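Written below as structure tokens is the structure these notes are about.
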Amino acid sequence: MKLRKITAVIICALLLAGSLCVGAYAEEGKKFYLVLGDSIGYGSGLVNSREACYGKIVADTDGYEYANDAIPGHTTRNLLDRLKEDKVIEHVKKADIISITIGGNNFLLGNIFGLLFDGIVKQDYSGIDSIAENFYKDFDKIVSEINALNPDAVILMQTIYNPQTGYIGEVYQQGADRVNAQIVRYAGEHPDEVVIVDIAKALTDSETDFASDRIHPSKVGNEKIAVEILKTLKDLGLGENTEPVINTPGIDITMTGSFTGAVDAVSRLFHFMSLIYNFIRNLFPFIG
200 MKLRKITAVI ICALLLAGSL CVGAYAEEGK KFYLVLGDSI GYGSGLVNSR
250 EACYGKIVAD TDGYEYANDA IPGHTTRNLL DRLKEDKVIE HVKKADIISI
300 TIGGNNFLLG NIFGLLFDGI VKQDYSGIDS IAENFYKDFD KIVSEINALN
350 PDAVILMQTI YNPQTGYIGE VYQQGADRVN AQIVRYAGEH PDEVVIVDIA
400 KALTDSETDF ASDRIHPSKV GNEKIAVEIL KTLKDLGLGE NTEPVINTPG
450 IDITMTGSFT GAVDAVSRLF HFMSLIYNFI RNLFPFIG
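In the numbering used here, the protein residues as written are 200 to 487.
Encoded structure:
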């Protein structure tokens, strides 16, 4: 009887050890999902961005390990610098899937008033053309840096949406269209290196998809982005689910005033100036 008990204890111990090994292996076998880029990836439209941004939703839905190294305000140049930081290098080397959102700040930060004047008053978008060309060069370097660290990672590149309306929306769309064209160009020239996730097509409702700052995705917007990424990952055989798992509901930021409100006022002023400018040009065609 005593021998039977000892044998049973040994068998239970072996089974427990086996289950622990299997559990450890399953943990190690999880895919690692990394988010890189700017404030969109960071989740700046949410109060609880760390727990509720689209990256976290994707990771929770498909059971990935997860890290988010996106930084608000970053441009392609900033991301290139970020890829030289030890923590980011470690995450890139470990990643199976890398989501990137970058490019909006290339034309939004430091250029917006000049671009508004050129676009609204002069109908001249050559400045944005130049920014888009430089975006392509930087993005090529970004992908090369990632490939040098981890040639097996699947890179998902998100298109740039337009959260604006009115006169500023028209200029913003010009910028988004030109950068998105460069993303499509790059994917066409390097079909095995990046996969496009068309966020611009998914986020079109200015009332629900964007936070009160009228720049960043809201709770609804983050969930829509997550769905588009989940669909893409399922198509690639890297995920199983397209219905997002929301463990922590997002809380939208609330702003009584915003940067875009000031930009809106300036864009209306520029529109008024454009009427005067074009009236004078019609009277005196020799004016440039």
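Where is the CB? At the ideal position from N, CA and C, for every residue including glycine. These numbers were taken from a predicted model, which means no experiment stands behind them.
Going by alpha carbons, who is nearest to ALA410 out of ASN379, ASN310 and VAL246?
Looking up residue 410 in the sequence shown gives position 211. That would be VAL246, whose Cα lies nearest to the Cα of ALA410.
Where are the alpha helix (DSSP H) runs, 4 residues long or more, that stay fully inside the stretch 387-440, in chain order?
398-401 and 418-434
Could one say the Cβ of THR260 lies closer than 9 Å to chain C's Cβ atoms, at least one of them?
The question asks about chain C, but that chain is absent: this structure has only one protein chain.
Thinking LYS292 and ASN349 are a contact (beta carbons under 8 Å), I'd like their distance in whole angstroms, please.
On the sequence shown, position 93 is the one that residue 292 refers to. On the sequence shown, position 150 is the one that residue 349 refers to. About 5 Å separates the CB atoms of LYS292 and ASN349; that is less than 8 Å, so the two are in contact.
Considering only C-alpha positions, which residue in the set ARG384, ILE345 and THR300 is nearest to VAL234?
Taking the first residue of the sequence shown as position 1, residue 234 is located at position 35. With distances taken between Cα atoms, VAL234 lies closest to THR300.
Which of the three DSSP states, helix, strand or coil, is assigned to ASP285?
For the purposes of this step, residue 285 is taken as residue 86 along the sequence shown, with counting starting at 1. In the structure shown, ASP285 adopts helical secondary structure according to DSSP, grouped into three states.
Need the endpoints of the alpha helix (DSSP H) that ALA294 sits in, please.
The count along the sequence shown starts at 1 and reaches residue 294 at position 95. Element bounds for ALA294: n/a, residue is neither H nor E.
According to DSSP, is GLY236 helix, strand or coil?
Position 37 of the sequence shown, counted from the first residue, corresponds to residue 236. Residue state, collapsed to three classes: strand.
Can you say whether LEU435 is buried or exposed, counting buried as having 16 or more other CB atoms within 10 angstroms of its CB?
Translated into positions along the sequence shown, residue 435 becomes position 236. So LEU435 ends up on the exposed side.
So what does GLU264 bridge to, in DSSP terms?
By one-based count along the sequence shown, residue 264 stands at place 65. Answer is PHE231.
Could you give the distance in angstroms between the alpha-carbon of ALA223 and the alpha-carbon of LYS229?
The residue labelled residue 223 in the question sits at position 24 within the sequence shown. The residue labelled residue 229 in the question sits at position 30 within the sequence shown. Low confidence applies here, because ALA223 scores a pLDDT of 40, under 50, leaving its location unreliable; read the following figure in that light. In a straight line, the C-alpha of ALA223 is about 10 Å away from that of LYS229.
Among GLY272, GLY302 and ILE256, which has the Cα closest to the Cα of LYS418?
Residue 418 sits at position 219 when you count from the first residue of the sequence shown. Taking only the C-alpha atoms, the option nearest LYS418 is ILE256.
Quick check on the DSSP output: the alpha helix (DSSP H) that includes VAL342 runs from which residue to which?
Walking along the sequence shown from the start, residue 342 turns up at place 143. 325-348 is the extent of the alpha helix (DSSP H) around VAL342.
Do ILE395 and VAL353 have their C-beta atoms within less than 9 Å of each other?
Locating residue 395 in the sequence shown gives position 196, counting from the first residue. Locating residue 353 in the sequence shown gives position 154, counting from the first residue. In this structure, VAL353 does not lie closer than 9 Å to ILE395 by Cβ.
If distances are taken between C-alpha atoms only, which option among GLU344, LEU437, ARG276 and ILE359 comes closest to HIS415?
Reading the sequence shown from its first residue, position 216 is the one you call residue 415. Of GLU344, LEU437, ARG276 and ILE359, the residue nearest in Cα terms is ILE359.
Using alpha carbons as the reference points, say which of SER248, ARG281, GLY302 and ILE288 lies closest to ALA375.
Start at 1 with the first residue of the sequence shown, and residue 375 comes out as number 176. Checked all of SER248, ARG281, GLY302 and ILE288; the closest Cα to ALA375 is GLY302.
Within the same chain, show all residues whose beta-carbon is closer than 6 Å to that of ARG281, passing over the 5 residues directly before and after it, in chain order.
Counting from one through the sequence shown, the residue named residue 281 turns up at place 82. Around ARG281: VAL287.
Whole angstroms is fine: what's the gap from TYR146's alpha carbon to ASP397's?
For residue 146 there is no data in the structure shown, the boundaries of the chain being 200 and 487.
Which same chain residues, not among the five before or five after GLY236, have their C-beta less than 6 Å away from its C-beta?
Indexing the sequence shown from 1 puts residue 236 at position 37. Here the set comprises ALA269, ILE299, THR300 and ILE301.
Whose C-beta lies closer than 8 Å to the C-beta of THR453 among residues of the same chain, with five residues either side of it excluded?
Reading the sequence shown from its first residue, position 254 is the one you call residue 453. Taken in chain order, the residues that qualify are SER411.
Quick check on DSSP: helix, strand or coil for ILE452?
Working through the sequence shown from its first residue, we reach residue 452 at position 253. The three-state secondary structure of ILE452, taken from DSSP, is coil.
May I ask you to list the residues that DSSP assigns as paired with GLN503?
This structure leaves residue 503 out entirely; the chain is present only between 200 and 487.
Measuring only the C-alpha atoms, how far is GLU289 from LYS283?
Against the sequence shown, residue 289 aligns to sequence position 90. Against the sequence shown, residue 283 aligns to sequence position 84. Between the alpha carbons of GLU289 and LYS283 lies a gap of roughly 10 Å.
What three-state label does DSSP hand THR275 in the structure shown?
Within the sequence shown, residue 275 is the residue found at index 76, counting from 1. Three-state DSSP puts THR275 in a helix.
For ILE301, does the three-state DSSP call read helix, strand or coil?
Start at 1 with the first residue of the sequence shown, and residue 301 comes out as number 102. Looking at ILE301 - three-state DSSP - the assignment turns out to be coil, as it is neither helix nor strand.
Report the rounded CA-to-CA distance for VAL444 versus GLN322, giving the unit in angstroms.
To locate residue 444, count along the sequence shown from 1; it is residue 245. To locate residue 322, count along the sequence shown from 1; it is residue 123. Near 45 Å, if we compare the C-alpha coordinates of GLN322 and VAL444.
On the CB-based measure, 16 or more other CB atoms within 10 Å of its CB, does LEU307 come out buried or exposed?
Position 108 of the sequence shown, counting from 1, holds the residue named residue 307. The residue is buried, with at least 16 neighbouring Cβ atoms inside 10 Å.
Considering only the beta carbon of each residue, do TYR253 and ILE450 sit closer than 9 Å?
Position 54 of the sequence shown, counting from 1, holds the residue named residue 253. Position 251 of the sequence shown, counting from 1, holds the residue named residue 450. For TYR253 and ILE450, no; Cβs fall outside 9 Å.
From what residue to what residue does the alpha helix (DSSP H) around GLU250 run?
Counting from 1 along the sequence shown, the entry for residue 250 is found at position 51. 248-251 is the span of the alpha helix (DSSP H), which, as asked, contains GLU250.
Less than 9 Å between the C-beta atoms of GLU439 and ASP261, yes or no?
Within the sequence shown, residue 439 is the residue found at index 240, counting from 1. Within the sequence shown, residue 261 is the residue found at index 62, counting from 1. Against a cut-off of 9 Å, the Cβ pair of ASP261 and GLU439 comes out as a contact.
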